[in-house]
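Undergrad: Below you'll find the structure I mean.
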Amino acid sequence: MTPLKLGIPKGSLQNATFALFKRSGWTINVNDRSYFPEINDDAISCTICRAQEMSRYVENGTIDAGLTGKDWIAENSSDVHVVADLIYSKVSARPARWVLAVPHDSTVNRLEDLAGKKIATELVAFTKRYFSERNIPVTVEFSWGATEAKVVSGLADAIVEVTETGSTIKAHGLRIIHELMQTNTQLIANHGAWKDPDKRRKIEQIALLLKAALRGEKLVGIKMNVPEDKLAAVVKLLPSLNAPTVASLYQSDWVSVETVVGTDVVRDLIPELLKNGAEGIIEYPLNKVI
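Here you go:
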């Protein structure tokens, strides 16, 4: 089959994407001067391009499939097939937000207060549509970067900027007054490539394993030994994808218990397991969970 042309986002998501593919079973190698990384899969050919442009290249077939933000698909009004939502970033495992922010001392407190005023953003087309749909006349100007500084210096009355925690916006003396949209990385495909059976199978394989790797990040396996007379109490404590695995230990009245739990609960769970009779507790990371 002709190799699947896969787009990898350049910039802040690039290293996080390489790491995600590594956990999924693919190793991508690239040097600083190349836009065509090597990947350990003859059925895939990689290209690096800006996330802002990815959906356009996927739509016109230059790239068969790629990873980009939901925000840039909306910005470009691209006609592509969305294969999977993938929530990951260089900062946190949660969706980012495009928000409207103004100086702390601004009299602007709601969208309508911006009528006749100027907004700076990189997400120009989407922002224009957003305000037009609400019949609020504003001027929207493209910002090449350092968008927060535009409003601080008086070059704009407000900004529309992406944030995960809001800390950078607050650090610049701004306050968020409205959320326009939430965004996350999406695996998208060209409609023609999606109709091609071989390419579709490859895209579906990539989607399956990327989602499995992301799920594995949020879970750990735990294994322990438990006296049979304490088993019911221990099992009652265990959240699980399914029922835990319980196996008898050789010539013993103890059993081995194994299950999968969330990384956000395991630190509180282990002391409780010990109190209820579990011993020899082992916690181990999970590469993928399907």
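Here the sequence shown stands for residues 25 to 314, where the numbers follow the working numbering.
For each residue, glycine too, the CB sits at the ideal point set by N, CA and C.
The model shown is predicted, which means the values in this text are computed figures rather than measured ones.
Tell me, please, which residues DSSP counts as bridged to tyrosine 81.
TA: In DSSP, tyrosine 81 forms no bridge with anything.
Undergrad: Would you mind sorting leucine 28 into buried or exposed? The rule is 16 or more other CB atoms within 10 Å of its CB.
TA: By the 10 Å Cβ count, leucine 28 comes out buried.
Undergrad: Of all the options Arg121, Glu83, Val126 and Ala125, which has the alpha carbon lying nearest to the alpha carbon of histidine 105?
TA: Closest by alpha carbon: Glu83.
Undergrad: When you compare each of Gln229, Arg158 and Ile193 to aspartate 137 by their alpha carbons, which one comes out closest?
TA: The candidate whose alpha carbon is nearest that of aspartate 137 is Arg158.
Undergrad: So, for aspartate 222: in the same chain, excluding its five sequence neighbours on each side, which residues have a beta-carbon less than 6 Å away from its beta-carbon?
TA: Only Met25 meet the Cβ criterion.
Undergrad: What first and last residue would you give for the beta strand (DSSP E) that runs through glycine 93?
TA: Taken as a continuous stretch (DSSP letters only), the beta strand (DSSP E) holding glycine 93 covers 89 to 93.
Undergrad: Taking only three categories from DSSP, how would you classify alanine 125?
TA: Alanine 125: strand per DSSP, three-state reduction.
Undergrad: Do you know how far the Cα of leucine 147 is from the Cα of glutamate 185?
TA: Cα-Cα distance, rounded: 8 Å.
Undergrad: Looking at the secondary structure, which residues open and close the alpha helix (DSSP H) in which glycine 245 lies?
TA: Per DSSP, glycine 245 belongs to no alpha helix (DSSP H); it is in the beta strand (DSSP E), 243 to 251.
Undergrad: For isoleucine 305 and proline 295, what's the separation of their Cα atoms in angstroms?
TA: The straight-line gap from Cα to Cα measures roughly 10 Å.
Undergrad: Would the stretch 118 to 133 count as touching the stretch 243 to 253 if we require 3 or more Cβ pairs under 8 Å?
TA: Contact fails: fewer than three Cβ-Cβ distances are below 8 Å.
Undergrad: Among Asp109, Ala180 and Trp168, which residue has its Cα nearest to the Cα of glycine 140?
TA: When only C-alpha atoms are compared, the closest one is Ala180.
Undergrad: Among all the DSSP beta bridges, which residues are the ones paired with isoleucine 193?
TA: Paired residues: none, contrary to the question.
Undergrad: Are isoleucine 160 and leucine 198 close, meaning C-beta to C-beta below 7 Å?
TA: In this structure, leucine 198 does not lie closer than 7 Å to isoleucine 160 by Cβ.
Undergrad: Compute the Euclidean distance between the alpha carbons of aspartate 109 and tyrosine 274, then round it to the nearest angstrom.
TA: Those two C-alpha atoms are separated by around 45 Å.
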